[in-house]
Amino acid sequence: MTIAASVSQFLEEHSASYRVIPHAHSATSRESAHAAGIREDQVAKAILLRDAQGLVMAVIPASSSLDLRAVHDETGRNQLEMVAESELAKPFSDCELGALPPIGPAYGITTLVDSSLGRCDTVYFESGDHEGLVAMDGRDFDALLSSCHHADLSKDWP
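Read left to right, the sequence shown gives residues 282 to 439 (the working numbering).
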């Protein structure tokens, strides 16, 4: 259980208070929630998108799916497509493959945050490996990503 260096540095630079919650190895944010005994809607997951202009990170609850139409509406970028997990190694070299922290600014990535996460008392997110979640007060998480665009980006799983 480790926290990615870029995330740790970003949290320190912003004097963010957090703790790391260990859990059994998991492959997805939803599995991490279950392994840690946390509701899926409290876990922020990152989805990386790309177009000719570059990368965009969408941060939504693990309990939801990304509404690409909403992302297109918010960004005006209609060619955004999901980045394959195999392509995440380069931009997230300090993370285990697939354990993407939803802190785009720590990596210089334009980030959109789903508005529903602002209603969580506590927000949890991948630390950069498959065995730890970072836990933060919801207000602190919101403040940490205050420079990011907030919008309704998700929809419930069908």
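Note that the Cβ used here is the ideal one computed from N, Cα and C, for glycine as well.
Judged by their CB atoms, L292 and V404 are not nearer to each other than the 9 Å cut-off.
I341 places its beta carbon 9 Å or farther from that of L426. Boundaries for E355: no beta strand (DSSP E) harbours it, while the alpha helix (DSSP H) harbouring it runs 349-356, taken from the DSSP string. Per the coordinates, the alpha-carbon of T356 lies some 11 Å from the alpha-carbon of A339. Assignment of beta-bridge partners to Y405 by DSSP yields V324, A416. In terms of CA proximity to R320, S345 leads the group A327, S345, H306. Between the region 323-330 and the region 356-368, the count of Cβ pairs shorter than 8 Å is three or higher; the stretches touch. In terms of Cβ geometry, H306 and E412 form a close pair [threshold 9 Å]. Contact annotation: G379 and L398 have beta-carbon atoms that are not nearer than 9 Å.
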